[in-house]
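Residues -18 to -1, 1 to 452 in mature numbering (1 follows the signal peptide of the UniProt record, and there is no 0) are what the sequence shown spells out, letter by letter. Even glycine gets a Cβ: it sits at the ideal position worked out from N, Cα and C. Quick caveat, the model's predicted, so the values are computed rather than measured. Have a look at the structure below before the remarks.
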Amino acid sequence: MKLMPLAFVIGAAVGLSACQSLDHTQNAISTTKTPSTQAEHHDIYTQTLKNGLKVIIKQDSRAPIVMTQVWYDVGSSDEPIGKGGISHFLEHMMFKDAKGVSHDDYQRLISHFGGELNAFTSDEFTAYYESLPANQFPLALQIEANRMNNLILTAEEVATEKQVIKEERRLTTDDKPTAKAHEEFLAIALPNSPKGLPIIGSMPEIEAITVTDLQNWYDQWYAPNNATLVLVGDIDPKTALPWIEKYFGTLKPSSLPKRTPLSQPSHRGYTQANSYQNVKVPSLIMGFNVPTLGSRTIKNHTKEAHALSLLSDIADGGLSARFERHLIRKLQILNSVSIRYNMLSKSDDLFTIIATPREGVSLADAEAAILAELNAITNDQITDDELARSRAGLLSSLVFANDSIAKQASNLGALSALGLPLDTLDTLPKALDKVSKSDIQAVGKKYLTKDNLTTVYVLPKNTQSPSDTH
């Protein structure tokens, strides 16, 4: 299973309808309208079933394929203290036995038709997907509706999968120095937010999760009124809706717990810490607390998020960007540098810079040079060419993000799960055109300041002093 931030069961079927019964199902599909709330967003069809399931369908007939995804509005940021990693653990268990189907059947059924399936967990959602030939799309609906309501959890299966997840943590985090350092960085940069905790959980937390914990988490969050069903591909909404109603319409909604809005106070003062890892080359991770499109408690958060995205590209948008031109080529202070900023989030997040200095350059000097370059962007002139290039770069990324059925489905699912308008990406070009150079500089002056910065120096273990606790 994949851990995410930002986007895949032959023979006789066991429990689900026999594969053969789905082979030519489209010939018998009814086009009867179902009672619900519905709307159309250009080429996107949306509908909400009576049980609260949100449905999004986008027809793209370039290939005879349908991507089916189910997004649950729950992730690691919803987890209580001591239960870290339970969302990801449950994601694994969703591929185990369900009513009438064993864990071996998922891959066999999907593979029989040349399809793919997988899942991923983030801090804000958990998603499952199947890619199938268009005339087999009801199979994905059967699978997802069945395990939404009929998952069978056993202590034996939980104990077995626990070892798999612990090994996954070792491979993806504990045995990867940079990943371990980043985990430590997040905990320091986001001390008051569950976003600062690892999605996979800590090793003690994984070990402590029980079958009862998982059953309670499943019962609490896995319900139609906490999910979005997305279908993208060679499918007409009139064809899909009767099947969706058949498999999902009878599922009962649940009483969802109230959530406390996530927030992480900014401008807490400069914080610097060391992370000692099995690395040969020192590096640094810098993070500023910033708004996103989902930061609804911050005035003008939408425009600020757009401005931060453009600023990110001006600083780190290729060979013509400021960091590359000045810090790598001209001043030769850095060997590498990159910025990570994702404006698609439910709440405040981080504007993160990861850099490796040239040999002989200290981490403190590298950090100072990066801050000076950011200060130059926010206080000196931004050229017309820089602004045009940054807009073009973001729009190019937007085109790439929609160049496949899978990516289109993932974008729609994520937007729905994050509570953002489905046309957010479609309206982005016009929104970026409205962001001025002064807007970009204003957001830089407001957020990319040292009193809003957390920096972690990643150092070789052999440089650690006995008194250092990191």
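What residue does the beta strand (DSSP E) around residue i start on, and which one ends it?
i	result
ALA45	Premise fails: ALA45 is in no beta strand (DSSP E) and is neither H nor E.
PRO339	331 to 339
GLN118	Here GLN118 belongs to no beta strand (DSSP E), and DSSP marks it neither H nor E.
LEU435	435 to 442
THR103	98 to 103
ALA383	No beta strand (DSSP E) contains ALA383, which DSSP labels as neither H nor E.
THR253	253 to 259
Applying the 10 Å Cβ sphere with the 16-neighbour rule, what's the burial state of residue i?
i	result
GLY342	exposed
PHE382	exposed
TYR204	buried
ASP385	exposed
GLN51	buried
SER420	exposed
ILE182	buried
GLN145	exposed
GLY57	buried
ASP105	buried
GLY96	exposed
ILE63	exposed
TYR252	exposed
LYS65	buried
SER379	exposed
Measure the alpha-carbon distance for residue i versus residue j and round it to whole angstroms.
i	j	result
TYR200	ILE364	50 Å
PHE270	PRO173	13 Å
LYS312	THR445	30 Å
LYS40	ASN393	12 Å
TRP225	GLN124	9 Å
ASP347	PRO403	42 Å
THR436	LYS148	29 Å
THR284	LEU275	5 Å
ALA141	ILE191	9 Å
LEU290	THR103	26 Å
HIS249	THR334	15 Å
VAL261	ASN198	41 Å
SER294	SER84	47 Å
ASP415	ARG373	8 Å
ALA101	ASN361	44 Å
ILE170	GLY178	7 Å
ASN131	MET76	11 Å
ALA351	GLN423	18 Å
ARG322	GLN254	19 Å
LYS443	LYS412	49 Å
LYS281	GLY299	27 Å
VAL425	LEU356	11 Å
ILE267	ILE336	5 Å
ALA370	SER302	12 Å
GLN246	THR279	11 Å
SER184	SER237	29 Å
LEU168	GLU189	22 Å
LEU410	PRO120	33 Å
LEU345	TYR439	7 Å
Go through its chain and collect everything with a Cβ distance to residue i's Cβ below 6 Å, but skip five positions before and after it.
i	result
MET49	SER113, VAL214, GLY215, ILE387, ALA388, ALA391
LEU441	ASN256, TYR258, PRO264
GLY34	PRO206, ASN207, PRO235
TYR429	PHE270, VAL272
ALA137	VAL193
In the DSSP assignment, find the unbroken alpha helix (DSSP H) run with residue i in it and report its ends.
i	result
TYR27	Not the alpha helix (DSSP H): TYR27 falls in the beta strand (DSSP E), residues 26 to 30.
LYS427	419 to 429
THR155	That residue, THR155, is in no alpha helix (DSSP H); it is neither H nor E in DSSP.
ILE359	345 to 361
LEU410	410 to 415
Which residues in the same chain as residue i place their Cβ atom closer than 7 Å to its Cβ, once the five residues preceding and following it in sequence are excluded?
i	result
GLU61	ILE68, SER69, PRO176
THR14	In this prediction, THR14 scores a pLDDT of 30, lower than 50, which makes its location untrustworthy; no coordinate-derived value is stated.
VAL417	LYS285, HIS288, ALA289, LEU292
GLY229	With the sequence shown as reference, residue 229 is identified as Tyr, and Gly is not the correct amino acid for it. The residues are LEU123, GLN124, ALA127.
GLY395	GLN51, TRP53, ALA109, THR210, VAL212
ALA10	Its pLDDT being 27, under 50, ALA10 is placed unreliably by the model, and nothing is read from it.
Once you ignore the five residues that flank residue i on each side, which residues in its own chain have a CB closer than 8 Å to its CB?
i	result
SER401	In the sequence on display, residue 401 carries Gly and not Ser. Excluding residues within five positions, the ones whose Cβ falls inside 8 Å are GLY276, LYS328.
ILE134	LYS78, ASP79, ALA80, LYS81
residue 464	The requested residue 464 does not occur in the structure, where the chain is confined to residues -18 to 452.
GLU165	THR155, PRO180
LEU196	ILE68, PHE71, LEU72, MET75, LEU135, VAL140
GLN314	ARG340
Could you give the uninterrupted runs of the beta strand (DSSP E) lying entirely in the region 263 to 339, keeping only those of 3 residues or more? 265 to 272, 316 to 322, 331 to 339
Every unbroken alpha helix (DSSP H) inside the region 33 to 88 [4 residues or more]: 68 to 75
In the region 172 to 225, which residue ranges form an unbroken beta strand (DSSP E) of at least 3 residues, counting only runs that do not cross its ends? 209 to 215
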